[in-house]
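S.K.: For the protein sequence lines, the chains are B and W, in the order given. Under the working numbering, the residue at position 461 of the first sequence is numbered 1128, and the numbers go up by one with no gaps. Under the working numbering, the residue at position 34 of the second sequence is numbered 701, and the numbers go up by one with no gaps. Every residue gets a Cβ at the ideal spot worked out from N, C-alpha and C, and that includes glycine.
2 protein chains.
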Amino acid sequence: MSPPAASNGSVSTEKEGPGRLASVYSEVQTSRLNHSLPLPSVLKSSFNIADGPPSSAAGNPEEIAKLFPNVFGQPSAMLVPGDGGLAADQSLRIGVVLSGGQAPGGHNVISGIFDYLQERTKGSTMYGFKGGPAGIMKCKYAELNSEFVYPYRNQGGFDMICSGRDKIETPEQFKQAEETAIKLDLDGLVVIGGDDSNTNACLLAENFRGKNLKTKVIGCPKTIDGDLKCKEVPTSFGFDTACKVYSEMIGNVMTDARSTGKYYHFVRLMGRAASHITLECALQTHPNITIIGEEVSAKKQTLKNVTDYVTDIICKRSKLGYNYGVILIPEGLIDFIPEVQQLIAELNEILAHDVVDEAGVWKKKLRSQSHELFEFLPQAIQEQLLLERDPHGNVQVAKIETEKMLIQMVETELEKRKQEGSYNQQFNGQSHFFGYEGRCGLPSNFDANYCYALGYGAGALLHSGKTGLISSVGNLGAPVEEWTVGGTALTSLMDVERRHGKFKPVIKKAMVELEGAPFQKFASLRDEWALKNRYISPGPVQFVGPTANATNHTLMLELDAQA
Amino acid sequence: MSPPAASNGSVSTEKEGPGRLASVYSEVQTSRLNHSLPLPSVLKSSFNIADGPPSSAAGNPEEIAKLFPNVFGQPSAMLVPGDGGLAADQSLRIGVVLSGGQAPGGHNVISGIFDYLQERTKGSTMYGFKGGPAGIMKCKYAELNSEFVYPYRNQGGFDMICSGRDKIETPEQFKQAEETAIKLDLDGLVVIGGDDSNTNACLLAENFRGKNLKTKVIGCPKTIDGDLKCKEVPTSFGFDTACKVYSEMIGNVMTDARSTGKYYHFVRLMGRAASHITLECALQTHPNITIIGEEVSAKKQTLKNVTDYVTDIICKRSKLGYNYGVILIPEGLIDFIPEVQQLIAELNEILAHDVVDEAGVWKKKLRSQSHELFEFLPQAIQEQLLLERDPHGNVQVAKIETEKMLIQMVETELEKRKQEGSYNQQFNGQSHFFGYEGRCGLPSNFDANYCYALGYGAGALLHSGKTGLISSVGNLGAPVEEWTVGGTALTSLMDVERRHGKFKPVIKKAMVELEGAPFQKFASLRDEWALKNRYISPGPVQFVGPTANATNHTLMLELDAQA
Chain B
668 MSPPAASNGS VSTEKEGPGR LASVYSEVQT SRLNHSLPLP SVLKSSFNIA
718 DGPPSSAAGN PEEIAKLFPN VFGQPSAMLV PGDGGLAADQ SLRIGVVLSG
768 GQAPGGHNVI SGIFDYLQER TKGSTMYGFK GGPAGIMKCK YAELNSEFVY
818 PYRNQGGFDM ICSGRDKIET PEQFKQAEET AIKLDLDGLV VIGGDDSNTN
868 ACLLAENFRG KNLKTKVIGC PKTIDGDLKC KEVPTSFGFD TACKVYSEMI
918 GNVMTDARST GKYYHFVRLM GRAASHITLE CALQTHPNIT IIGEEVSAKK
968 QTLKNVTDYV TDIICKRSKL GYNYGVILIP EGLIDFIPEV QQLIAELNEI
1018 LAHDVVDEAG VWKKKLRSQS HELFEFLPQA IQEQLLLERD PHGNVQVAKI
1068 ETEKMLIQMV ETELEKRKQE GSYNQQFNGQ SHFFGYEGRC GLPSNFDANY
1118 CYALGYGAGA LLHSGKTGLI SSVGNLGAPV EEWTVGGTAL TSLMDVERRH
1168 GKFKPVIKKA MVELEGAPFQ KFASLRDEWA LKNRYISPGP VQFVGPTANA
1218 TNHTLMLELD AQA
Chain W
668 MSPPAASNGS VSTEKEGPGR LASVYSEVQT SRLNHSLPLP SVLKSSFNIA
718 DGPPSSAAGN PEEIAKLFPN VFGQPSAMLV PGDGGLAADQ SLRIGVVLSG
768 GQAPGGHNVI SGIFDYLQER TKGSTMYGFK GGPAGIMKCK YAELNSEFVY
818 PYRNQGGFDM ICSGRDKIET PEQFKQAEET AIKLDLDGLV VIGGDDSNTN
868 ACLLAENFRG KNLKTKVIGC PKTIDGDLKC KEVPTSFGFD TACKVYSEMI
918 GNVMTDARST GKYYHFVRLM GRAASHITLE CALQTHPNIT IIGEEVSAKK
968 QTLKNVTDYV TDIICKRSKL GYNYGVILIP EGLIDFIPEV QQLIAELNEI
1018 LAHDVVDEAG VWKKKLRSQS HELFEFLPQA IQEQLLLERD PHGNVQVAKI
1068 ETEKMLIQMV ETELEKRKQE GSYNQQFNGQ SHFFGYEGRC GLPSNFDANY
1118 CYALGYGAGA LLHSGKTGLI SSVGNLGAPV EEWTVGGTAL TSLMDVERRH
1168 GKFKPVIKKA MVELEGAPFQ KFASLRDEWA LKNRYISPGP VQFVGPTANA
1218 TNHTLMLELD AQA
């Protein structure tokens, strides 16, 4: 694990394109590069695999069994101390691919696989497929050696081999993947990705085994959104770092709000499908108001309900003398509001067939509730809905800046209350969106260690001949030494969805559970946070010192609840 | 310097309003609270004051002498080791005020003054004026004791006593300030602020001395913008932390840009008058393009010039296969462009007297260059210029999101080049504004130490009977032990400006010097940064470990150049 000779000074991967030059690293980057990574004790010497009982599926096991005849029902694999029996002179040929959006720690998963191969298998070869799954299909890869991998240790981003959002779906695409597996004589492939990518990994495992190819496939749980998790996979990597980076900024904004005393900061946070990031940031920082999409959806709230909730608290705060505050909103908020979905559907229909006349006659085509909602929206949002469409002609919901929309709606509502005499202050809303800033941060110690163990463990699973499993590292509340390492049958995470008349396997996104410990803790405190100021400033992520090894609230609360 | 007993557990300042509760601090906040602050060795024991030669002014010394008959020409004061002769049993009554926008470290200036009084003067009293200079005029204050001050040690923000933007200007207002000084029997007042606030501090010093009041006034250099500095005051506090927080985010965005390979991130950074923050962040992170307002102004560039400069680099990069990048823009960019100033002036005139007709006949009233520029602006900006006005009916230049404007103009220009055949890629611009996120960050070790020394030194100057000086801590490239401590005549920083037919004293803002070392270094590297990727990710500010005590490039380069 010491740096190879060539990396002292300039590591020239520049010819390859945008490669890293450790010679221009910042002091913190350099200190991270040289930071040694601890391994769980079971990975420090030889091990045996202890298989669990046969697995089932998260739902509709019969259908999943039909879709995965070759890999369904596999037991989970747990690494336990033992004499192993794995041949150290067996050289392996292993590929790795990054799939989907960046998450801090991806480079450490690769480092973990690489180090496993270096340390436990003689003469192995490792390929990094470039630009995501497309790299597998086009057989576009880089051969990974120490010089290539080293500058990325403990560094953020996915730029070592880059990522992509393509999927391997059609029979032709599976054929291309097979050809690559055969051409490179791959013993194994590690797919680092989210729910879709891991489903895809399992389909590849199934396909390779069905075709009698030797190539095994192991998945790794990646997503800053935190919505890929289950009992065996307690968290997805990147969530910890991203939430900490966002929380640093939120804490700073809170201190600013309290110091100036005149702004309401509306902070939109990444996370379109689930609100885990928003919830975790709330637990870290104690904002005055936090909107959790899953709750809005469960309570069938309207946009007006959400606006009123925010406005009510602003009015109550003004009576206490506080005309400032911080409000967290998940990026996917409006996707959680049924009436908004209905309006969008109607708009897409109308825009496809009718002319939008300036006089507004077209609005008569909207159902009355949708019409009412449309009129309730700020003018800028109305225009955006009508004018900006994607290549399919659909309204671009993702482009709506929810935090700005909410500011405008709250402003309008407060104006009303001013006239009614129930509010007499000046409202100043400031908008923020924290997204790109967090997903490529330098991995926290937790993510760095977790990812290294995930990768090292994936190497061990492939070396043991396992396929169709997701690398699973557990007991995360304990010191790294005591973490458990193994693999969980990907099919056990799956259910089916009916699409175009066919069953499709899916790993359901883990949403914020309203009965779960993290939301319950938040719910028990939010009233106090709303009216008193209990702001916490987590500060910048520390890599050394007493605070460096803390993990996140969501994970700890969930682990505590399971214990 | 150890925490008072009451602060173990909950420090209840809640009754006062939005006070801090150390009991809800994050681990990093708590560790900062308990972080001990080093003092320059000259402040560790008794000292003498060595006076320098009489001072002059930065310009028009005769006029400054007339405006400050009682304090003009004072020598600078340097603290040197000595037997002192200051009575330790002399109790002082000292006030402190925070003026203007927040800057990390303000609380440590207050802690420094407080600790000086506690340790060197028996039975002293300290008052914190609330909400800025208005607190002086209205005699609104909190009495500062250990319990009150302790929870704010090494913490960001200005919320201990809050700040404000009022000025003490009229004879009535000076009278109010005198009344407060007399009522509280003040021996001294420390004004923590930027160029205007320090000018104001000097006017107060002059006024108090002119009226034979005993109250002395000492200023402290505060502003994240970094535009209050001179030989004796090498930097203003807060600049270091703010630039580091922004650079962390920029570094993350760079890693993201390189990983996805498809976005141009346009980052607007705080700093309306000068571009020091943008320049420092560029030196820390090596972006592909950086616009420095002072250079745009010196070269009399037009908005079209700036757009072309950006577009040219984007085209060159696309030929190298890089369709991504990071671009830094100072908040005040358009204030630096003469033609924009001209257009705004004409618009203000037209909007005040004419109707803006939809057909656009009103545009004929614009001079031809202004008309051309107006048509060059994106439609959204045109509308913003016409529709959004401040209470005086003027165009709200400050509200223009320069980064979004530039994205649109670059997009339009690239579209043209596509049609001409000189560009054939897809351009995706992403906008960011980093402002509030940085100005209330947890102070870096440098800012924490610098501010503590500034405050402790201000206490020493007041104890020595000095007035009209700005607290000056020097030799900042050396370890804290070796820092010099003293005071510089505020009048020596001043020039006059003619306003409404009268000479007004001003401390001129220190702009980015195009001949200065920081800009020269940037200029020598920017072509390489433009086409190669030399991104640096500074990572989160570290408080312990090998990287914790680094300062910023601007300061170090300027100190080196002076040496």
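Considering Gln951 (chain W), what are the terminal residues of the alpha helix (DSSP H) in which it resides?
M.R.: His943 to Thr952
S.K.: List the whole-angstrom C-beta distance separating Thr969 (chain W) from Gly1108 (chain W), where the pair is believed to meet the contact cut-off of C-beta under 8 Å.
M.R.: Rounded, the Cβ-Cβ distance is 36 Å, inconsistent with contact.
S.K.: Would you call Glu1225 (chain B) buried or exposed, if buried means 16 or more other Cβ atoms sit within 10 Å of its Cβ?
M.R.: Classification for Glu1225 (chain B): buried.
S.K.: To which residues does DSSP link Arg935 (chain W) through a beta bridge?
M.R.: W:Ile996 and W:Phe1100
S.K.: What in chain W is Cβ-close to Ile926 (chain B), meaning under 8 Å?
M.R.: This sequence places Ser at residue 926 (chain B); Ile is not what is there. The contacting residues are Gln769, Gly824, Phe825, Asp826, Cys829, Ser830 and Cys1107.
S.K.: Straight-line CA distance for Asp1194 (chain B) to Ser914 (chain B)?
M.R.: Spanning the two alpha carbons is a distance of roughly 20 Å.
S.K.: Buried or exposed: where does Ala754 (chain W) fall if 16 or more other Cβ atoms within 10 Å of its Cβ makes it buried?
M.R.: Around the beta carbon of Ala754 (chain W), fewer than 16 other beta carbons sit within 10 angstroms, so the residue counts as exposed.
S.K.: For a contact defined as C-beta to C-beta under 9 Å, what are the partners of Pro1205 (chain B) on chain W?
M.R.: Ser693, Glu694, Val695 and Gln696
S.K.: Below 8 Å between beta carbons: does that hold for Pro707 (chain B) and Ala1120 (chain B)?
M.R.: yes
S.K.: For the segment 844-852 of chain B against the segment 874-881 of chain B, do three or more pairs of beta-carbon atoms, one drawn from each stretch, fall closer than 8 Å, so that the two count as touching?
M.R.: yes
S.K.: Per DSSP, what kind of secondary structure is Ser766 (chain B) in: helix, strand or coil?
M.R.: strand
S.K.: How about Asn990 (chain W) and Gly938 (chain W): do their beta carbons lie closer than 8 Å?
M.R.: no
S.K.: Quick one: list the residues of chain W neighbouring Asn1214 (chain B), beta-carbon separation under 7 Å, in chain order.
M.R.: Note that residue 1214 (chain B) is Thr in the sequence shown, not Asn. Correct list: Glu694, Val695 and Ser698.
S.K.: What does a CB cutoff of less than 7 Å around Leu1014 (chain B) pick up in its chain, not counting 5 residues either side in sequence?
M.R.: Leu1052 and Val1062
S.K.: Going by the beta-carbon positions, is the gap between Glu863 (chain W) and Arg1106 (chain B) smaller than 8 Å?
M.R.: Residue identity differs from the one stated: residue 863 (chain W) is Asp in this sequence, not Glu. Cβ atoms of Asp863 (chain W) and Arg1106 (chain B): not closer than 8 Å.
S.K.: Which chain B residues are close to Glu1104 (chain W), counting only those with a beta carbon under 7 Å from its beta carbon?
M.R.: Met916, Asn919 and Val920
S.K.: With DSSP collapsed to three states, give me the class of Leu1224 (chain B).
M.R.: helix
S.K.: Which whole-angstrom value describes the C-beta separation of Val900 (chain B) and Thr1221 (chain B), a residue pair presumed to lie in contact below a C-beta threshold of 8 Å?
M.R.: With a contact defined as Cβ atoms closer than 8 Å, Val900 (chain B) and Thr1221 (chain B) miss out at about 14 Å.
S.K.: Can you name the start and end residues of the alpha helix (DSSP H) that Ser914 (chain B) belongs to?
M.R.: Phe906 to Thr927
S.K.: Given that Val1208 (chain B) touches chain W, what residues does it touch there, using C-beta distances under 7 Å?
M.R.: Neighbours of Val1208 (chain B) on chain W, chain order: Pro1207.
S.K.: According to DSSP, what are the bridge partners of Asp718 (chain W)?
M.R.: W:Ala744
S.K.: Roughly how many angstroms lie between the CA atoms of Pro736 (chain W) and Gly772 (chain W), to the nearest whole one?
M.R.: 33 Å
S.K.: By the three-class DSSP mapping on this structure, what secondary structure does Phe825 (chain B) have?
M.R.: It is coil, neither helix nor strand.
S.K.: In whole angstroms, what separates the C-alpha of Phe796 (chain B) from that of Leu1157 (chain B)?
M.R.: The straight-line gap from Cα to Cα measures roughly 22 Å.
S.K.: Chain B partners of Ala809 (chain W), CB-CB under 7 Å?
M.R.: Within 7 Å Cβ-Cβ: nothing; Ala809 (chain W) doesn't reach chain B, min ~15 Å.
S.K.: With C-beta atoms as the reference, is Tyr819 (chain W) less than 8 Å away from Met827 (chain W)?
M.R.: yes
S.K.: Can you name the residues of chain B whose CB is closer than 7 Å to the CB of Gly1193 (chain W)?
M.R.: Position check: residue 1193 (chain W) holds Arg in this sequence, whereas Gly was assumed. Those do not exist, as Arg1193 (chain W) stays about 15 Å from chain B at its closest Cβ, beyond 7 Å.
S.K.: Is Arg1056 (chain B) close to chain W? Criterion is C-beta to C-beta, closer than 8 Å.
M.R.: no
S.K.: Is Val1140 (chain B) closer than 8 Å to Tyr1117 (chain B) when the C-beta atoms are compared?
M.R.: In this structure, Val1140 (chain B) lies closer than 8 Å to Tyr1117 (chain B) by Cβ.
S.K.: Would you report the Cα separation of Asn1219 (chain B) and Pro1213 (chain W), rounded to the nearest angstrom?
M.R.: 25 Å
S.K.: Taking the CB atoms as reference points, tell me whether Asn727 (chain B) and Val1173 (chain B) lie closer together than 8 Å.
M.R.: no
S.K.: Looking at Gly1102 (chain W) and Ile1074 (chain W), is the spacing between their C-beta atoms short of 8 Å?
M.R.: Gly1102 (chain W) is positioned such that its CB atom lies no closer than 8 Å to that of Ile1074 (chain W).
S.K.: Should the segment 793-809 of chain W be called in touch with the segment 714-725 of chain W, which here means at least 3 C-beta pairs below 8 Å?
M.R.: no
S.K.: I need the straight-line Cα distance from Asp1227 (chain W) to Ala1127 (chain W), nearest angstrom please.
M.R.: 29 Å
S.K.: Any chance you could list the alpha helix (DSSP H) runs of at least 4 consecutive residues sitting entirely within the segment 1088-1164 of chain W, in chain order?
M.R.: List check, alpha helix (DSSP H) in window: 1103-1106 and 1112-1130.
S.K.: Within 8 Å (strictly less), CB to CB, does Gln1097 (chain W) reach chain B?
M.R.: yes
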